[in-house]
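Just so we're aligned: the sequence shown equals residues 258 to 488 in full-length UniProt numbering. C-beta atoms are modelled at their ideal positions from N, C-alpha and C, and glycine is treated no differently. Model, not experiment: these values are computed from the prediction.
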Amino acid sequence: ALLDISPKPLSGRKIIVTSGPTHEPIDPVRYIANRSSGKQGHAIAAALARLGADVRLVSGPVGIADPAEVTTLHVETANEMKDAVEQLLPADAAVFVAAVADWRSETSAGEKIKKVAGEGPPVLRMIENPDILAGVGHHRQRPSLVVGFAAETQDLVRNAEAKLKKKGADFIVANDVSHEGAESPGVMGGDRNKVRIVSKAGVDEWPEMSKDEVAARLAAVIAERLKTIVV
Ligand code: CTP
Ligand code: CA
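Dropping the structure here:
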């Protein structure tokens, strides 16, 4: 055809995606963070946009470019990510791929903490960060479709099922990260991924594929699910 006017499957759908790590400051030059390249979350944002969705990506600090055709908001901390996500509600779907730091230092020093002879290292008191996915999963403006991720080193499916319930998600994309290491990037930092999709309906094991392929396949699942949801 000269002109393709067929609407894309996610046209008119607003979808929030979180990606990357969060950085929790200790002082102006130091922070606590999770290992995350942002590759999988950014690939999912891009795949949803290719299907026509109005994608709002909330990204922690990453070393990769903003995906094409995606409105990207940049944040540092878990609290900033939570505020950004909640301000984007309402939405048709939300996909939580970010590796959010579970804890932050209770205080962040205004000045660089100095080594003081004889005093020894500082003792940091940690406090828990808000659970952004659980907040949205139980929100009065909950999107029709809420998707979380779970990175586990053991009891993958059992832990993913527990997260599904506790966080109010429809799907958990479960990742085995038991072979991770800074020396040999596995899932984190690497380009390939092997996931299981855990939902109330059961567990769907996907073969190992590239993160772009996981993203395309997940975007197709999301499009299929949203098709049956009339807003
Ligand atoms: N998540 C979030 N906010 C947090 C922690 C996690 O939104 N403060 C989201 C992640 O983006 C992911 C899902 O929750 O989609 C599961 O993250 P994970 O770290 O596996 O779960 P936790 O509940 O933090 O449990 P734990 O780290 O103890 O396994
Ligand atoms: Ca966690």
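- Judged by beta-carbon spacing, Glu343 lies beyond the 9 Å limit of His395, meaning their Cβ atoms are not closer than that value.
- In this structure Gly295 is buried. Its beta-carbon is surrounded by 16 or more other beta-carbon atoms within 10 angstroms.
- In the DSSP annotation of this structure, the continuous segment of the beta strand (DSSP E) that includes Val452 starts and ends at Val452 to Ser456.
- Taking the Cα positions, Gly377 is about 18 Å away from Met383.
- Linking Lys265 to Ala348 through their CA atoms gives a straight-line distance of about 18 Å.
- Annotation for Gly392: the continuous alpha helix (DSSP H) segment containing it runs Ile389 to Gly394.
- A check of alpha carbon separations from Thr364 across Pro387, Ala351, Leu381 and Ala355 identifies Leu381 as the nearest.
- In this structure, Lys339 sits near Ile389, with a CB-CB distance shorter than 9 Å.
- Across the structure, Ser263 and Gly309 are spaced so that their CA atoms are roughly 11 Å apart.
- Those residues that bring their Cβ nearer than 7 Å to a heavy atom of ligand 2 are Val357 and Asp359.
- According to the DSSP assignment, Leu314 belongs to the beta strand (DSSP E) that extends over Asp311 to Ser316.
- DSSP, read as helix, strand or coil, puts Ile479 in helix.
- Using a cutoff of 8 Å, the CB of Val354 counts as near ligand 1, since one of the ligand's heavy atoms is closer than that.
- Here Gly277 is buried. Its C-beta has 16 or more other C-beta atoms within 10 Å.
- When C-alpha distances from Leu305 are compared across Ile486, Gly392, Ala472 and Lys484, the shortest belongs to Ala472.
- Rounded to the nearest whole angstrom, the CA to CA distance from Ser362 to Ala419 is 27 Å.
- Relative to ligand 1, Ala408 has its C-beta within less than 8 Å of a heavy atom.
- Beyond the five residues adjoining it in sequence on each side, Ala341 comes within less than 6 Å, by CB distance, of Val315, Leu330 and Val332 in the same chain, given in chain order.
- In this structure, Leu402 lies away from Arg453, with their beta-carbon atoms at least 9 Å apart.
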